[in-house]
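Participant:
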Amino acid sequence: MSKPFAITLNIGSSLANHTGSWRSERPVYVNRMPPCNNACPAGEDVQGWLYEGESGNYEQAWRNLVRDNPFPAIMGRICYHPCQTACNRADVDEAVGINSVERFLGDQAIDKGWQFTAPTTKSGRRILIVGSGPSGLSAAYHLAMKGHEVVIRESAAEPGGMMRYGIPAYRLPREVLDAEISRLVNIGVRIECNTKVENPESAIKDGFDAVFLAIGAHLGKRAYIPAGDTVRILDAVSVLHMTADGEPPLLGRSVVVYGGGNTALDAARTAKRLGAYEAIVVYRRTQEKMPAHASELKEALEEGIVMRWLSTIAWVNSGAVTIERMELDSAGMPQPTGEFESLQADSVILALGQEVDLSIVEGIQGITIDDGVIEVNEFLMTGRDGIFAGGDAVPGERTATNAIGHGKHAARAINSWLEGQTFVHAPRPELASFDRLNTWYYSDAPKKVRPKLDAARRAESFAEVVQGLDEATALFEARRCLSCGNCFGCDNCFGVCPDNAVIKLADGKYEINLDYCKGCGICANECPCGAIDMVPERS
Amino acid sequence: MSTPLKFYQVGSFAVGNRLLGDEQLSVQSRSDRTNSLTSGHRACQGCGEALGARYVMDAAMAATDGKVIAVNATGCLEVFSTPYPETSWRLPWMHSLFGNAAPVATGVAFALKAQGRSDIRVVAQGGDGGTVDIGFGPLSGMFERNDDVLYVCYDNEAYMNTGVQRSGATPPAARTNTTHAVGENPGASFTQGKNLPKIAMAHGIPYVATASVSDLHDLEEKVTKAMSMHGARYLHVLVPCPLGWGTRSEETIKLARLATESGLFPVYEAEDGVVTATKKIRKQVPVDEYLQIQKRFSHLFGPKGNPELVKAIQEIANRNIAEFDLLGEAQ
Ligand SMILES: Cc1cc2nc3c(=O)[nH]c(=O)nc-3n(C[C@H](O)[C@H](O)[C@H](O)COP(=O)(O)OP(=O)(O)OC[C@H]3O[C@@H](n4cnc5c(N)ncnc54)[C@H](O)[C@@H]3O)c2cc1C
Ligand SMILES: Cc1ncc(C[n+]2csc(CCOP(=O)(O)OP(=O)(O)O)c2C)c(N)n1
Ligand code: SF4
Ligand code: SF4
Ligand code: SF4
Ligand code: SF4
Ligand SMILES: [Mg+2]
């Protein structure tokens, strides 16, 4: 070929020059553990289902969510959302309203009638679950989805455990509870109510391959209070249970509740709703020490509940309660002061915590009790082979969400145990901590949408009063998620590489072209969510 | 000035978003972008100039249906992209001399006009040395004649290709190989330098704009707008240089961002000599944050540092902020 003047070589593309050889570090796409997922006691893939929700594919989002937790509509109302407490967005402006989006998805599913699909091949194994609270129901769901035959026996008239007989209906409407439980029945879970299990061991003899004890903690703790007989003393769990049964106790005009947990507040709020003119909560420590959730206290105060901090009940007589003022000592412990005050009271409700009715495990070889709860190993198995336990009846935090997590965990452990194997957790990826984010890329919500946002975050605490999120707000809230530690397809890495060394694949994923990547690290630095690591090349 | 759609997750700031429709995508987020400056070039790791040039040229190509001829001054961009016989350019590209990109581009534009090819557009590009120093006179002529060329200056604030010598665009106090960090006034002299965007504005040409590699959407919009206009247009793009600035290769975009967020590099556009829009600072930072991570300013910090000079640099930023209302409400 004849060439122009002074040209001796054919012109070629620089693609022949593989600059990848300059590299001492290479970018690697990673998936990190988002703080929300990490904090969820039910092990939800929060970031994952928000990601689906962001595109408006709510059914996919719901299906992703219920892989771990079959009760989003319930959770969206009663979960104390530790996910939001952990959310990285809190350090940018405010945490993502995860819980209200969860409720939105749960309500959508009920509206649209989305159902679970159980596997068609059955394992032939039968599992008995004692108790239909959140831990029992969750275990039932996960076991049924594995193809096992599941029978729940429940001593109460209706399923749900504390979700029905403890948590008042104004926080968790019964239609919601019924709708989410009925989905389990639809995949073949049998729930036998009014059936108390006395001896789980005999169930094994009767042909069950394993038993899961999900019996909760239903015995109200008593305290000795000198009392005459003109004042009724009841325990909170019974008051709530009777109210849920439609046969509320007569409490009178003035009600004093003794205790500082959520149960105390629920009892006081219930008393108000039952017609009490005055509901006073007497608690021996300070507000800061109160175990009840702050949002519940706020609601209770808004409803006119009166709090008496640093007070104990000394005695009860002739329509009155005498309380003694306490003082914190240097160690922060309440100490009596000898100052007394009298409060009018027609009834006193004790909300001093609940204990497990352990009679069911009495006499079973191998099962041990510690501090009033059933001892279990890391697989939630008791000392008796084949008998597992979870929820409020075992050590751990007593919340519905934690119970649901126990149910899932127990189901996996039982499944492995039935196959003669030990359950192994998938390795947990490293945490997607805030310092790995490049928050520059996340824009702030403009002022004009703020009120809506506030409503989004208020919704969960006013479930019975305020409606759930509308679609636009839920979508907006989902899109506030920073997608911590997991690529969300922002194209930054693809755009910012000075060497064109990032390939955008058809499926929305990305790949590094190592022929040209010089390892500058810009892609990793500019990834908003920290989904790229720079890893040293082996020399 | 940015895409109307926001996610409050990644708003208009990231390159793209999987949820955006095709028509809303930035040029750089499209898999079918031209890659006008393709892989295999020999720019340093993390070179801001290589990135800026691809951003600009891809946007120009997208705006003209791929009908662009580029004319390049000597400098890193030319040297790292075209070591004979290889080229990284995927568009018609021409190089002549260090100082004459503007007049060569004028010639190309007139030749096209003579051929009746009004559809083909001309973009000249060069470094800050080629633009504010050696090519300054010819560029001024191109402006004054209002020739139909978009001239793009990739400002890395020194003569990088020949080993980091000071240019008329080197910032005060910066250490280069010709402005050592010694004596009473270490680094480049504390003068006003040559502010080429303003000088270009003084020519009253149809369009002048500044941009940086840290704000892709803004940059693409400016290129697109410039390509829709005729006559002499000037775009001044800040492109951090890891080698010359003594910075970490992964911080190139971050540096550009800090330069604009501190107010040291005001981002604005002007039509017919009048400023029409400025990009507001989102999260103001003190100049220290920008200076401290650059070795060329290391003599200003530490026990033997020079807080007075840092203060003086902060004052430059303050003046920019006041002049361009950089902290005002976004338009
Ligand atoms: C008033 C109140 C409010 C609460 N509010 C919240 C809240 O807002 N959010 C939150 O996350 N948590 C809340 N909790 C805690 C939460 O309800 C419990 O942690 C959770 O329900 C425990 O689940 P579980 O499955 O272990 O037991 P439970 O829900 O107590 O269920 C146990 C079930 O087992 C049945 N059972 C027991 N023994 C037998 C037997 N021998 N045979 C057959 N059936 C048996 C019981 O009848 C019961 O239905 C609240 C608790 C109370 C008391
Ligand atoms: C007339 C002439 N003088 C000097 C040179 C040597 N030279 C080549 S590139 C360069 C500096 C370029 O600096 P700048 O324009 O800022 O571009 P950068 O390399 O920084 O991108 C010099 C001095 C030359 N090529 N021609
Ligand atoms: S921003 Fe999203 S991914 Fe990150 S912690 Fe919050 S909800 Fe989870
Ligand atoms: S930006 Fe490009 S060259 Fe730099 S590390 Fe990432 S892929 Fe490699
Ligand atoms: S920069 Fe964007 S596209 Fe690239 S990995 Fe990170 S999130 Fe995904
Ligand atoms: S010296 Fe600077 S401008 Fe030149 S190739 Fe290297 S990083 Fe780019
Ligand atoms: Mg230069």
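Protein sequences appear in the order of chains A and B. Just so we're aligned, residue 20 is where the first sequence starts under the working numbering, counting upward by one. Just so we're aligned, residue 10 is where the second sequence starts under the working numbering, counting upward by one. No residue lacks a Cβ here, since even glycine has one placed at the ideal position from N, Cα and C.
(1) Could you spell out the range, first to last residue, of the alpha helix (DSSP H) harbouring asparagine 421(A)?
(2) Assign threonine 285(B) to one of three DSSP states: helix, strand, or coil.
(3) Would the beta-carbon of leucine 46(B) fall within 7 Å of that of serine 97(B)?
(4) Taking Cβ to Cβ, would you say glycine 282(B) is nearer than 7 Å to glycine 240(B)?
(5) Compare the Cα-Cα distances from serine 142(A) to each of Gly166(A), Ile148(A) and Asp126(A) and report the closest residue.
(6) Run the CB neighbour count on alanine 176(A), radius 10 Å, all protein chains shown included, and call it buried at 16 or more, exposed below.
(7) State buried or exposed for histidine 189(B), treating a residue as buried only when at least 16 other CB atoms are found within 10 Å of its CB.
(8) Look at the alpha carbon of alanine 158(A) and the alpha carbon of alanine 543(A), and state the distance between them as a whole number of angstroms.
(9) Consult DSSP for isoleucine 368(A) and reduce its assignment to one of helix, strand or coil.
(10) Following the continuous alpha helix (DSSP H) through serine 149(B), name the residue where it begins and the one where it ends.
(11) Report all residues from its chain with a CB closer than 8 Å to the CB of phenylalanine 227(A); omit the five preceding and five following residues, and keep chain order.
(12) Are the C-beta atoms of glutamate 496(A) and some chain B residue less than 7 Å apart?
(13) Could you name the residues that DSSP lists as bridge partners for lysine 523(A)?
(14) What residues come near ligand 5, if near means a beta carbon less than 7 Å from any of its heavy atoms?
(15) May I ask whether a heavy atom of ligand 7 can be found less than 6 Å away from the beta carbon of asparagine 165(B)?
(16) Compare the C-alpha of proline 60(A) against each of Glu307(A), Leu533(A) and His428(A) and name the closest.
(17) Along the chain, where does the alpha helix (DSSP H) that runs through tryptophan 81(A) open and close?
(18) Go ahead and label alanine 52(B) buried or exposed: buried means 16 or more other beta carbons lie within 10 angstroms of its beta carbon, across all protein chains shown.
(19) Taking 7 Å as the CB-CB limit, is alanine 221(B) close to chain A?
(20) Which partner residues of isoleucine 78(B) appear in the DSSP bridge assignment?
(21) Check each candidate in Arg257(B), Gly139(B), Ala123(B) and Ala235(B) and name the one with the smallest Cα separation from glutamate 280(B).
(22) Are the C-beta of glutamate 259(B) and some C-beta of chain A separated by less than 7 Å?
(23) Within the 7 Å Cβ cut-off, does isoleucine 433(A) reach chain B?
(24) Let's see if you can read the secondary structure: which residues bound the beta strand (DSSP E) around arginine 242(B)?
(25) Please list the residues of the segment 257 to 287 of chain B that have a C-beta atom closer than 8 Å to any C-beta atom in chain A, keeping them in chain order.
(26) Quick one: list the residues of chain B neighbouring proline 517(A), beta-carbon separation under 7 Å, in chain order.
(27) Roughly how many whole angstroms lie between the Cα atoms of proline 91(A) and aspartate 197(A)?
(28) Output the distance between the C-alpha atoms of valine 195(A) and proline 46(A), rounded to the nearest integer angstrom.
(29) Starting from valine 121(A), follow the alpha helix (DSSP H) in both directions and report where the run begins and ends.
(30) Tell me, please, which residues DSSP counts as bridged to serine 157(A).
(31) At a Cβ threshold of 7 Å, is asparagine 50(A) touching chain B?
(32) Taking 6 Å as the cut-off, is the beta-carbon of cysteine 500(A) closer than that to any non-hydrogen atom of ligand 2?
(33) Let me check understanding here. Comparing Cα to Cα, which of Ala133(B), Glu270(B), Val276(B) and Arg175(B) lies closest to aspartate 157(B)?
(34) Leaving out five residues on either side along the sequence, give the residues of the same chain with a beta carbon under 8 Å from the beta carbon of proline 219(A).
(35) If you count every other CB in all the chains shown that lies within 10 Å of the CB of valine 554(A), and 16 or more means buried, which is it?
(36) In the structure shown, what three-state DSSP assignment does valine 571(A) receive?
Facilitator: By the coordinates alone:
(1) For the purposes of this step, residue 421(A) is identified with residue 402 of the first sequence, where counting begins at 1. Per DSSP, asparagine 421(A) belongs to the alpha helix (DSSP H) from 419 to 437.
(2) Against the second sequence, residue 285(B) aligns to sequence position 276. Note: threonine 285(B) maps to strand in three-state DSSP.
(3) Counted from its first residue, the second sequence places residue 46(B) at position 37. Counted from its first residue, the second sequence places residue 97(B) at position 88. Closer than 7 Å, so yes.
(4) Here residue 282(B) is taken as the residue at index 273 of the second sequence, counted from 1. Here residue 240(B) is taken as the residue at index 231 of the second sequence, counted from 1. Contact check for glycine 282(B) against glycine 240(B) fails: the beta carbons are separated by 7 Å or more.
(5) Taking the first residue of the first sequence as position 1, residue 142(A) is located at position 123. Per the Cα distances, Gly166(A).
(6) Here residue 176(A) refers to the residue found at position 157 of the first sequence. Exposed, since its Cβ has fewer than 16 Cβ neighbours within 10 Å.
(7) Locating residue 189(B) in the second sequence gives position 180, where the first residue counts as 1. So histidine 189(B) ends up on the exposed side.
(8) Counted from its first residue, the first sequence places residue 158(A) at position 139. Counted from its first residue, the first sequence places residue 543(A) at position 524. For alanine 158(A) and alanine 543(A), the distance between alpha carbons rounds to 41 Å.
(9) Your numbering for residue 368(A) matches position 349 in the first sequence. Looking at isoleucine 368(A) - three-state DSSP - the assignment turns out to be strand.
(10) If you number the second sequence from 1, residue 149(B) lands on position 140. Unbroken alpha helix (DSSP H) run through serine 149(B): 145 to 153.
(11) Your numbering for residue 227(A) matches position 208 in the first sequence. The answer, listed in chain order, is Arg145, Ile146, Leu147 and Val170.
(12) The residue labelled residue 496(A) in the question sits at position 477 within the first sequence. No - not a single Cβ of chain B is within 7 Å of the one on glutamate 496(A).
(13) Sequence index remark: in the first sequence, residue 523(A) carries index 504 (1-based). Tyr529(A).
(14) One residue list follows from the rule of a beta carbon closer than 7 Å to any heavy atom of ligand 5, given in chain order as Tyr48(A), Ser502(A), Cys506(A), Phe507(A), Gly508(A), Cys509(A), Asp510(A), Asn511(A), Cys512(A), Phe513(A), Tyr529(A), Cys542(A), Glu545(A), Cys546(A), Pro547(A), Cys548(A), Ala550(A), Ile551(A) and Ala23(B).
(15) Translated into the one-based positions of the second sequence, residue 165(B) becomes position 156. Indeed, a heavy atom of ligand 7 lies less than 6 Å from the Cβ.
(16) Taking the first sequence and counting its residues from 1, one reaches residue 60(A) at position 41. Ranking Glu307(A), Leu533(A) and His428(A) by Cα distance to proline 60(A) puts His428(A) first.
(17) Here residue 81(A) refers to the residue found at position 62 when the first sequence is read from its first residue. Note, tryptophan 81(A): alpha helix (DSSP H), 77 to 84.
(18) In the second sequence, residue 52(B) corresponds to position 43, counting from 1. Its Cβ being crowded by 16 or more others within 10 Å, alanine 52(B) is buried.
(19) Mapped onto the second sequence, residue 221(B) falls at position 212. The residue asked about is misnamed: residue 221(B) is serine in this sequence, not alanine. No, serine 221(B) lies away from the interface with chain A (no Cβ there is under 7 Å from its Cβ).
(20) To locate residue 78(B), count along the second sequence from 1; it is residue 69. Beta-bridge pairing links isoleucine 78(B) to Val131(B).
(21) Within the second sequence, residue 280(B) is the residue found at index 271, counting from 1. Checking every option, the nearest Cα to that of glutamate 280(B) belongs to Ala235(B).
(22) Locating residue 259(B) in the second sequence gives position 250, counting from the first residue. Taking Cβ atoms only, chain A reaches closer than 7 Å to glutamate 259(B), which makes this a yes.
(23) As a first step, residue 433(A) is located in the first sequence; it is residue number 414 there, counting from the start. So, not an interface residue.
(24) Stepping through the second sequence from its first residue, residue 242(B) is reached at position 233. Looking at the DSSP string, the run of the beta strand (DSSP E) that includes arginine 242(B) is 242 to 247.
(25) Arg257, Ser258, Glu259, Glu260, Thr261, Ile262, Lys263 and Arg266
(26) The residue labelled residue 517(A) in the question sits at position 498 within the first sequence. The answer, in chain order, is Ala52, Gly55, Cys56, Ala59 and Leu60.
(27) Sequence index remark: in the first sequence, residue 91(A) carries index 72 (1-based). Sequence index remark: in the first sequence, residue 197(A) carries index 178 (1-based). Per the coordinates, the alpha-carbon of proline 91(A) lies some 13 Å from the alpha-carbon of aspartate 197(A).
(28) In the first sequence, the residue the question calls residue 195(A) occupies position 176. In the first sequence, the residue the question calls residue 46(A) occupies position 27. When rounded, the distance between both Cα atoms is 47 Å.
(29) Start at 1 with the first residue of the first sequence, and residue 121(A) comes out as number 102. Contrary to the premise, residue 121(A) reads as glutamate rather than valine in this sequence. 117 to 131 is the extent of the alpha helix (DSSP H) around glutamate 121(A).
(30) By one-based count along the first sequence, residue 157(A) stands at place 138. Looking at the DSSP assignment, serine 157(A) forms no beta bridge with any residue, so it has no partner.
(31) Position 31 of the first sequence, counting from 1, holds the residue named residue 50(A). Closer than 7 Å: no.
(32) Indexing the first sequence from 1 puts residue 500(A) at position 481. No, Cβ of cysteine 500(A) sits at least 6 Å from all heavy atoms of ligand 2.
(33) Taking the second sequence and counting its residues from 1, the one referred to as residue 157(B) is at position 148. Checked all of Ala133(B), Glu270(B), Val276(B) and Arg175(B); the closest Cα to aspartate 157(B) is Ala133(B).
(34) Taking the first residue of the first sequence as 1, we reach residue 219(A) at position 200. Excluding sequence neighbours, proline 219(A) sits near Leu147, Val149, Val230, Leu232, Ile379, Val380, Ile383 and Ile406.
(35) As a first step, residue 554(A) is located in the first sequence; it is residue number 535 there, counting from the start. Valine 554(A) should be labelled exposed.
(36) This structure gives no information on residue 571(A), because the portion of chain A shown stretches from 20 to 558.
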